[in-house]
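J.:
Residue numbers (the working numbering): 181 to 781.
1) Could you give the residue range of the alpha helix (DSSP H) that holds residue 533?
2) Can you find at least 3 beta carbon pairs, one from the segment 617-625 and one from the segment 724-734, that sit closer than 8 Å?
3) Taking the alpha-carbon of residue 355 as reference, which of 302, 641, 593 has the nearest alpha-carbon?
4) Classify residue 314 as helix, strand or coil using the three-state DSSP reduction.
5) Please report the distance separating the alpha-carbon of residue 226 from that of residue 341.
6) Assuming the contact rule is C-beta atoms closer than 8 Å, residue 438 and residue 343 should be a hit. Round their C-beta distance to whole Å, please.
7) Closer than 8 Å by C-beta to residue 677: which residues in its own chain qualify, once you throw out the five before and the five after it? Chain order, please.
8) Do residue 712 and residue 566 count as a contact pair if the criterion is CB distance below 8 Å?
9) Which runs of the beta strand (DSSP E) spanning at least 3 residues fall entirely within the segment 331-365, listed in chain order?
10) First and last residue of the beta strand (DSSP E) that includes residue 468?
11) Near residue 452, what residues of its chain come up, given a Cβ to Cβ distance below 6 Å and the 5 sequence neighbours on each side ignored?
12) Report the rounded CA-to-CA distance for residue 414 versus residue 240, giving the unit in angstroms.
13) Answer yes if the segment 608-618 comes into contact with the segment 702-709, meaning at least three C-beta pairs across the two stretches below 8 Å, and no otherwise.
14) By the three-class DSSP mapping on this structure, what secondary structure does residue 558 have?
15) Locate the alpha helix (DSSP H) running through residue 499, then write down its first and last residues.
16) Residue 477: buried (16+ other C-beta within 10 angstroms of its C-beta) or exposed?
17) Tell me the DSSP bridge mates of residue 696?
18) Does residue 718 pass the burial test, meaning 16 or more other C-beta atoms within 10 Å, or should it be called exposed?
19) Beta-carbon within less than 6 Å of residue 725's beta-carbon, same chain only, minus the 5 sequence neighbours each way: which residues are those?
20) DSSP three-state call for residue 678: helix, strand or coil?
21) Looking at residue 364: is its Cβ nearer than 8 Å to the Cβ of residue 722?
22) Which ranges does the alpha helix (DSSP H) cover as unbroken runs of at least 4 residues, wholly within the segment 248-310, from first to last along the chain?
23) Can you check which of these residues, 591, 462, 521, 464, is closest to residue 447 by C-alpha distance?
24) Compare the beta carbon distance of residue 391 and residue 408 with 8 Å and say whether it is the shorter of the two.
25) Can you tell me the Cα-Cα spacing of residue 691 and residue 641, whole angstroms?
26) So residue 574 and residue 553 are supposed to be a Cβ contact under 8 Å. How far apart are they, rounded?
27) Give a yes or no on contact between the segment 267-282 and the segment 234-253, applying the rule of three or more CB pairs nearer than 8 Å.
28) Mapping DSSP to helix, strand and coil, what is residue 459?
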């Protein structure tokens, strides 16, 4: 028995919550208070290699055979938040809550995500062989609990009938460690590791105590008190190389043949990948339905800065139960008989749901807004502009990026602790006061403008370093001048051509770069202005580029970099908006014909 498992057993034995799995196969069987639900606690479910995983079972009634909803978690199956899954027992399902390998009362070592597939399949086979099971299994859960469902689905287990992952993504590199531009998701990753893998004997330090640590390679010691192989391996592979391929579900999604109900949020770290999974599945089969709401990683989180109305909240457990009823019990209605994949997106502004059937939307008009200035776009007090037509003459803008004083993260699509990294549509006024933030703003819009899809900034840049970062942030400026983040992204220059292999730049030489600035569905109201912020840091959401050509994980020397943005003839820097034409709009955007030179999806 490994030490981590032994510690977990002792903790649970001390509070009397669970019999020590591995020492005995005894079960605690009792009825829940004031309920007919039958509980079987402390189950020890055998895996293919002899390891046993701890689980609790909840049956609607004694006797009978039931379809089972399986929830597999690394966050403790006894946690109070998981109790909401017992809603399914009220719908006539058995519910099995299981600690994943190496977590809490389960044996083994908590390791690579790919082990979740075989472990899920072993658990499903065990369920199907029980006298209370009808052999049909569904899975539900969010975040890591959603990710394990994807890994289970690609195992092609005949007993797994349907899944409902939420805020889970489909790629380990792009979701949990690095951005689409190659920058490390420092705050998210270190915070998760510290909160979940810190040894009981170590006092967890404050967040600010480890996110500034250099070199990044040993930040695990600063955060957890010990070296963590998971962290070290990820930093050994900052490029999307062969190390990451086995951990990606994207290419394996073609093996998913069961119905999928997925959910995600515009202000969640996993939104792009949740939509990617929908797109891949929608091209293959009809039984996929996705909901993307104005939510953070926790859909129940309320943003202090913005209320998206009563329609924003949907009964998630009920929708999941209806999904399982359809595919596990054969209960259908007329709406269920409609063919084709369904994508339900919440359009922010009108604050309403709309059903689509592909992503990105086929009717999208990719429309550029061009940057311009007189060379002084620094801060919101500068002279940066955004226009629907390119300019012939425009002075380049410059700023100094000092990694010692990075631009702070303020909202956006962030995971996972809202107290330390608040997500959502936050006011950007403090960031826009900085001289190392370039601000480009359009004239007031003459009509409502819907932006739904992937946002991209194509910039012509130069730097005094051989490597640095550039960030792009799309902002809505209200009539009163308040700037609110819509979506954003970052690009590490060494990965401007490909995430597979770094190629450094020549100093003070112009390069074209493309920044993936995230996904959204947002209506800029008439009278509002569209704004683009450009800088070189967004910390601690992303790690600081120290402006070195050395391995980022091992660098400690901090160097300032002079950054330049060009936006004149021959260097048409622009933000490309996925604009959705309004019905009966005459195919114009704010009084001018829509651009289509960037092509349609």
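Note that beta-carbon positions come from the ideal geometry of N, C-alpha and C, so glycine has one too.
T.: According to the structure shown:
1) Along the chain shown, one-based indexing puts residue 533 at 353. It is not in any alpha helix (DSSP H) - residue 533 instead sits in the beta strand (DSSP E) that spans 532-536.
2) The segment 617-625 vs the segment 724-734: no contact.
3) The residue you call residue 355 lines up with position 175 of the chain shown. Closest by alpha carbon: 593.
4) For the purposes of this step, residue 314 is taken as the residue at position 134 of the chain shown. Reduced to three states, the DSSP call for residue 314 is strand.
5) Position 46 of the chain shown, counted from the first residue, corresponds to residue 226. Position 161 of the chain shown, counted from the first residue, corresponds to residue 341. Residue 226 and residue 341 have their C-alpha atoms roughly 22 Å apart.
6) If you number the chain shown from 1, residue 438 lands on position 258. If you number the chain shown from 1, residue 343 lands on position 163. Taking 8 Å as the upper bound for CB-CB distance, residue 438 and residue 343 are in contact here, some 7 Å apart.
7) By one-based count along the chain shown, residue 677 stands at place 497. Around residue 677: 683.
8) For the purposes of this step, residue 566 is identified with residue 386 of the chain shown, where counting begins at 1. For the purposes of this step, residue 712 is identified with residue 532 of the chain shown, where counting begins at 1. With respect to the 8 Å criterion, residue 566 and residue 712 are classified as neighbours on the basis of their beta carbons.
9) List check, beta strand (DSSP E) in window: 340-346.
10) Counted from its first residue, the chain shown places residue 468 at position 288. Here the beta strand (DSSP E) through residue 468 covers 468-473.
11) Start at 1 with the first residue of the chain shown, and residue 452 comes out as number 272. Counting only Cβ-Cβ distances below 6 Å, and skipping sequence neighbours, we find 699.
12) As a first step, residue 414 must be located in the chain shown, where it is residue number 234. As a first step, residue 240 must be located in the chain shown, where it is residue number 60. In this structure, the CA atom of residue 414 is about 43 Å from the CA atom of residue 240.
13) The segment 702-709, when compared against the segment 608-618, does not touch it at the 8 Å Cβ threshold.
14) If you number the chain shown from 1, residue 558 lands on position 378. Shown here, residue 558 sits in a strand according to DSSP, grouped into three states.
15) Within the chain shown, numbered from 1, the residue matching residue 499 stands at position 319. Counting along the chain, the alpha helix (DSSP H) containing residue 499 begins and ends at 496-508.
16) Here residue 477 corresponds to residue number 297 of the chain shown, with the count starting at 1. Label assigned to residue 477: buried.
17) On the chain shown, residue 696 is found 516 positions in, with the first residue counted as 1. Residue pairing from DSSP places residue 696 in a beta bridge opposite 636.
18) Working through the chain shown from its first residue, we reach residue 718 at position 538. The Cβ neighbour count for residue 718, taken over all protein chains shown within 10 Å, is at least 16; the residue is labelled buried.
19) Taking the chain shown and counting its residues from 1, one reaches residue 725 at position 545. In chain order, 648, 649 place their CB closer than 6 Å to the CB of residue 725, counting only its own chain and leaving out the 5 sequence neighbours on each side.
20) As a first step, residue 678 must be located in the chain shown, where it is residue number 498. Taken through DSSP and simplified to helix, strand or coil, residue 678 comes out as coil.
21) Counting from 1 along the chain shown, the entry for residue 364 is found at position 184. Counting from 1 along the chain shown, the entry for residue 722 is found at position 542. Yes, these two residues count as a Cβ contact at 8 Å.
22) Unbroken alpha helix (DSSP H) stretches of 4 residues or longer found wholly inside the segment 248-310: 296-308, given in chain order.
23) Mapped onto the chain shown, residue 447 falls at position 267. Check the Cα spacing between residue 447 and each of 591, 462, 521, 464: the tightest is with 591.
24) As a position in the chain shown, residue 391 is number 211, starting the count at 1. As a position in the chain shown, residue 408 is number 228, starting the count at 1. If you check the CB distance, residue 391 and residue 408 do not come in under 8 Å.
25) Numbered from 1 along the chain shown, position 511 holds the residue referred to as residue 691. Numbered from 1 along the chain shown, position 461 holds the residue referred to as residue 641. In this structure, the alpha-carbon of residue 691 lies about 5 Å from that of residue 641.
26) Here residue 574 is taken as the residue at index 394 of the chain shown, counted from 1. Here residue 553 is taken as the residue at index 373 of the chain shown, counted from 1. The C-beta separation of residue 574 from residue 553 comes to about 6 Å, placing the pair in contact by the 8 Å criterion.
27) The segment 267-282 vs the segment 234-253: in contact.
28) If you number the chain shown from 1, residue 459 lands on position 279. Looking at residue 459 - three-state DSSP - the assignment turns out to be helix.
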